[in-house]
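Note sheet for the following structure.
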Amino acid sequence: MATRVLRLVLAAWALVALAVVAPRGAEAKIFRWANDGDSNSMDPYAREETFLLSFDSNMYEPLIRRNAKMELEPGLATEWKQTDPTTWRFTLRQGVKFHDGTPFTADDVVFSYDRATHPGSNLSSPLSTVKEVRKIDDFTVDFITNGPDPILPMNLTVIDIMSKKWCEEHNTTRAADLTKNEESYATRHENGTGPFMLKDREPDVRTVLVKNPNWWGLKDEPIDIDEADFSRIANASTRVAALLSGELDMVYTVPPQDISRIAGTPHMKVWKTPELRTIFLGFDQSRPELLESSVKGKNPFKDKRVRQAFYQAIDESAIAAKVMNNYAHPTALMVGPGVNGYDTALDKRFPYDPAAAKKLLAEAGYPDGFSVGFDCPNDRYVDDEAICQAVTAMLAKIGIKANLLAQTRAKFFGKINAPRYETSFYMLGWTPATYDALNSLKNLVQTRDGKDGVFNTGSYSNPKIDALDKQIGVELDKGKRDDLLHQALTLTRDDFAYIPLHQQVVVWATDDKVDLAITGDNYFQLRFVKMK
Amino acid sequence: MTAFVIRRVFQSVLVLLAVALIAFALFNYVGDPINNMVGQDTTPAERVQLRHELGLDQSFIVQFARFVGHAAQGNFGLSYQQARPVGQIILEKAPATLELSFVAAMIALLLGVPMGIYTGLHRRSLVSQAMLTGSLIGISLPTFLIGILLILIFAVVLGWLPSFGRGPVVHIGWWSTGLLTAGGWRAIILPAITLALFQMTLIMRLVRAEMIEVLRTDYIKFARARGLSNRAVHFGHALKNTLVPVITVTGIQLGAVIAFAVVTETVFQWPGMGLMFIQAVTFADIPVMAAYLVLVGAFFVVINLVVDLLYYVVDPRLRIEREHTAGG
């Protein structure tokens, strides 16, 4: 009891000391939060990376945005429709002003498209189907696509609109060029239309945003907080300690081992929802002989029975329960809930059955198993290395000796990604950037031809799926398109092209006075934050 | 003396070139920065193009020569991660590390030297035993564990001190200081203690050993025989003669404090060069890593030079020998 009084007194003293140092307005609501990374740039085209895109979208806005349920809703465009198979027409919102007071018009949309698709920008791929953006009048633009593109509106949610006038004035009509030795003005300054404005930025340390009192959305959607004070805290223990000590109101990413501790602390709240990212294992299915294996002269993974044996030897429910502490959603598909094309009816995993697996291996001609290299990252996904260790142990039971090589992400991706693809058996995670299964199919499953299948590291190839992908790409009827997606996902599943393991769970932690909207894309939006 | 300094500066340049060369040789093993720089949907052709523009597809020798050429003009390029000039980033981060190292070194010296003297003079006292045992714990626990423990006790449980960051800073020109605000001082306490603990123990034990050694020598006995007070013997004669090794070690350790602030900075999210370096490593941000390693090399070189010069000031025998050989 005495210590509690002492603590209170000391806490009060600390508060007073703090107040003296940094006097604040009594009524201003300040929301303090931290993440393990920093938004590397205030330039919304600097990198296609979830944290940068979500952070910068507090200041900049796209034509079409996503609401708290990840559904599309009007942003800077009030409505959109296809006027012919290759034309999407957008009606722009009127009366919107950039933070410097410049009115928003169609010229800014045309300019933003141009800036996002030129060198320096990392956001050209979501716009790869667009041939041209045409201004019709001040508040109407047409996006002309190369062929029919049913999912263009989804792709446009990551393209924030910048001000033509501002970029020209500050000589930043192209995103930062790393080969030049100068900093782009947009790297540390912003001029969006969004609900928050940049007040102060120390890269890698602290970024302060304040509410935009002139935001167009305020009428329907009042912003509760006046200021958002962001700190980068890379060390997981320190990040959690700062939340528990009351220095912060919200943190993510939350380390799995600390989740129960935070949940058990009074006045703390843990938020969770299934993530869009799917974690899976892949095989080299193209080389005539595996790079790292005891099997010589042939590639065992070309045999479907071997792939199935690996699949059935892995006890995913044990991984989800023991390694992931149940913060995982075991999956049979290469996409999870929340992604367009996902269907619960298809999401049935083949059973864990080591005896059957052993039999399949024997039938395929490997009664004593074999050894194979196994590539894994150790700092990319939740508990990635621990999952791979568990898989290694499970495979050992059917006689497969997986030689695990767990490395830091820069090394890992350098080895398994294009152009080297130097792996025999590997772990990878994928989030479809469009929230649509076609993105996963095109990148992971479609035959590698230099354009598609870039992340099809094992070079799986199935003409039936390739044909389906082609149809899906141009099918404008939603019902038919979903049916085609289901077919392609089922084919992928039943051919054991990959071993899907699970979808991770997004976990955020806050003080319990905070209310917010958690989404499976790990896209944290300040406009949804409310503080009691 | 001048010749000595010139010779040392020449040696320093060679040392720095060697550091840069080794650093560059190591960069082949940190992995591929391209994947961190582009989105997952970027095509292989675009990746190859970026690699080419950054010169990462050139041979090791060409990359190294280009780096040295640019570095000689003070140009360290743009950070891959932040797209900002590396020189500017380092200039922003340096004050945090230097202030932390300075405060830590002060704590280590101001506590370590008196404690060393005390334990040297009162070898059998209980207080000495307690200090020695305590310091053993300080030296055997790893830095990150001490840091986490301090955070747990003083930030989470007691709520007295902040767990991360530098607190409010004041900008004076390009220098930013946290030492002019109460919040800044509150923020520096825990990391400075964490960083100082090992050095303090080292200095204390060194001073103690030297004191014990010196107190046995004949001139101390003679000084006592002359009837000098304890105070004059201990501080006037004994302490002065323990200082040469203490200065050497403290000097070298100051370099170590700056270079190895990495762990402390990581635990406390202290926005200094060490944290910058760790983050650069995980990103494979080669320009930042190269500049940092060369800079730390330069720190060590300069500190060693200063230490050598300090010998002249403290130890008159060195001056005489040098003049003697020069004359003869």
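Chains as they are written, first to last, in the working numbering: chain B, 751 to 1282; chain Z, 24 to 351.
Beta carbons are placed, not taken as given, at the ideal position from N, Cα and C, and that holds for glycine.
Predicted, not measured: the structure shown is a model, and the values here were computed from it.
DSSP places L959/B in the strand class (E or B) of the three-state scheme. Residue contact with chain B for V272/Z: absent (no Cβ-Cβ distance below 7 Å to any residue of chain B). The Cβ neighbour count for L37/Z, taken over all protein chains shown within 10 Å, is under 16; the residue is labelled exposed.
In the structure shown, E798/B adopts coil according to DSSP, grouped into three states. Interface residue (Cβ-Cβ distance to chain Z less than 7 Å): T988/B is classified as such.
For secondary structure counted as the alpha helix (DSSP H) over 4 or more consecutive residues, the stretch 833-897 of chain B holds these complete runs in sequence order: 856-866. Between the alpha carbons of G825/B and A94/Z lies a gap of roughly 47 Å. Residues of chain Z whose Cβ lies closer than 7 Å to the Cβ of G1164/B are, in chain order, G54, D55 and N58. Look at G1149/B here: in three-state DSSP terms it is coil, with no helix or strand label. Unbroken alpha helix (DSSP H) stretches of 4 residues or longer found wholly inside the stretch 251-297 of chain Z: 263-282 and 284-291, given in chain order. No Cβ-Cβ contact shorter than 7 Å links S1174/B with K1151/B.
Per DSSP, the beta bridge partners of H194/Z are S199/Z.
Between the beta-carbon of T287/Z and that of G170/Z there is about 6 Å, and that keeps the pair under the 8 Å contact cut.
Looking at the DSSP output, D1133/B shares a beta bridge with no other residue.
The beta-carbon of F50/Z is placed no less than 7 Å from the nearest beta-carbon of chain B. About 12 Å separates the CB atoms of N785/B and Q292/Z; that is not less than 8 Å, and the two are not in contact. With respect to the 7 Å criterion, Y795/B and A866/B are classified as neighbours on the basis of their beta carbons. Listed along the chain, the chain Z residues whose CB falls inside 8 Å of the CB of E882/B amount to none; the nearest CB is some 20 Å away.
Q34/Z has a beta carbon lying at 7 Å or more from every beta carbon in chain B. For S1010/B, there is no enclosing beta strand (DSSP E); the residue is part of the alpha helix (DSSP H) that begins and ends at I1009 to A1013. Excluding its 5 nearest sequence neighbours in each direction, D308/Z has C-beta neighbours in its own chain below 7 Å: P56, S102, Y103 and Q104, listed in chain order. Sixteen is the threshold: when 16 or more other Cβ atoms of the shown chains lie within 10 Å of the Cβ of R1277/B, as they do, the residue is buried. Taking the Cβ atoms as the reference, G967/B lies roughly 28 Å from P953/B, outside the contact range of under 8 Å. Secondary structure note for G1223/B: its alpha helix (DSSP H) is the uninterrupted segment P1213 to V1224. In this structure, DSSP gives V1122/B an extended state, which the three-state scheme calls strand. Under the three-state reduction of DSSP, P1024/B is assigned to strand. Less than 7 Å separates the beta-carbon of A1107/B from that of I1148/B.
Distances from the alpha-carbon of T271/Z to those of L333/Z, H145/Z and W197/Z put L333/Z closest. Between L994/B and A978/B, the gap from beta carbon to beta carbon reaches 7 Å or more. Within the stretch 175-187 of chain Z, contact with chain B at the beta-carbon level (separation under 7 Å) is assigned to L175, A178, V179, L181, G182, W183, P185, S186 and F187. Listed as beta-bridge partners of T1260/B by DSSP are M1000/B and K1019/B. Non-local beta-carbon contacts of T1269/B in its own chain, meaning distances under 6 Å to residues more than five positions away in sequence, involve M820 in chain order. With distances taken between CA atoms, G320/Z lies nearest to F283/Z out of F283/Z, G206/Z, P165/Z and V85/Z. When R1198/B, G1123/B and N1212/B are compared, the shortest CA-CA separation from E1172/B is found for G1123/B. For the stretch 288-310 of chain Z, the set of positions with a beta-carbon nearer than 9 Å to some beta-carbon of chain B reads T289, V290, F291, Q292, P294, L298, M299, I301, Q302, V304, T305, F306 and A307 in chain order.
In the structure shown, the three-state DSSP call for Q72/Z is helix.
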